[in-house]
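Per this note's numbering, residue 41 is the first one in the sequence shown, and the count goes up by one each step. Each residue gets a CB set at the ideal place from its N, CA and C atoms; glycine is no exception. For clarity, every value in this text was computed on a predicted model and none was experimentally measured.
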Amino acid sequence: MATFGERIANFINGNDELTHEGLHGLFVTELQNIYYAGKKVADALGDQTEAATTDEVKQAFRQHQQEVRNQTSRLEQVFQILGLDVKEGSCAAIDGLDDDAQALISVTESGSLTRDAGLIIAVQKTEHHGIATYGSLVTFAKVLGYSQSAALLHQSLDEKKNTDHLLTQLAESFINDRAELETEEYDEVKRNTYRPLAVEATAGGTLGI
């Protein structure tokens, strides 16, 4: 019986048809699953854009929605290149993240920065799932010798990494703005609370004024 190292060597040399077929089957299954996930995410981004508060977040979500649609189109190209029917799989992870995002909308105040911050986090969670999946698909495509498919998948992977970076910057700006706003509100409350006390203390002081 061949060792694991021998199986890998045989696979690389094209002499292990069983492993090739197994990886190909897994690759196709993951393609179908991320195809389903992409369509689900694109639909969810429409609701999330509508629920968002600020123009900056709405614009970021619209741009991301178009990117996801483009990524879905690339997946259709991969199916075509491999001679496969375009087929949706399933993805419990994305279904769960979508449920979480809907719950977040229901428990945050409409028009608040808190909702926007939460929505950014929700979208980033789906991006992290996409980055992991596309990264694996790129690796599989390269190992299987699907160079054209690997290039298309890598393009989508790069987009997802860039979007995650942009969303992180956007989230940080919201946190900073929120902190600054809360500081200003605290200072205002502090001034309104302590100013009358200071006046009263002066009026009743040792000067007898």
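Sequence-distant residues of its chain with Cβ nearer than 7 Å to Tyr62 (five each side left out): According to the sequence as given, residue 62 is Gly; it is not Tyr. Excluding five sequence positions before and after Gly62, none of the CB atoms of its chain fall closer than 7 Å to its own CB.
From Ala191 to Gly170, what does the alpha carbon distance come to, in whole angstroms? If you take the alpha carbons of Ala191 and Gly170, they lie about 16 Å apart.
Please work out which residues of its chain come closer than 6 Å, Cβ to Cβ, to Gln105, disregarding the five sequence neighbours upstream and downstream, and give them in chain order. So the list reads Ala82 and Leu85, once near-sequence residues are dropped.
Distance check for Glu70 and Ala172, CA to CA, integer angstroms please. Here the C-alpha atom of Ala172 lies approximately 11 Å from the C-alpha atom of Glu70.
So for His60, helix, strand or coil by DSSP? In this structure, His60 counts as helix in the three-state DSSP scheme.
Nearest-angstrom Cα distance between Glu240 and Ser150? Low confidence applies here, because Glu240 scores a pLDDT of 43, under 50, leaving its location unreliable and the question unanswered by this model.
Go ahead and label Pro236 buried or exposed: buried means 16 or more other beta carbons lie within 10 angstroms of its beta carbon, across all protein chains shown. Residue confidence for Pro236 is low, a pLDDT of 49 falling below 50, so the modelled location carries little weight and cannot support an answer.
Identity of the residue in Val108, Leu124 and Asp95 nearest Ile74 by Cα: The residue among Val108, Leu124 and Asp95 with its C-alpha nearest the C-alpha of Ile74 is Val108.
N- and C-terminal bounds of the alpha helix (DSSP H) containing Gly129: Element bounds for Gly129: n/a, residue is neither H nor E.
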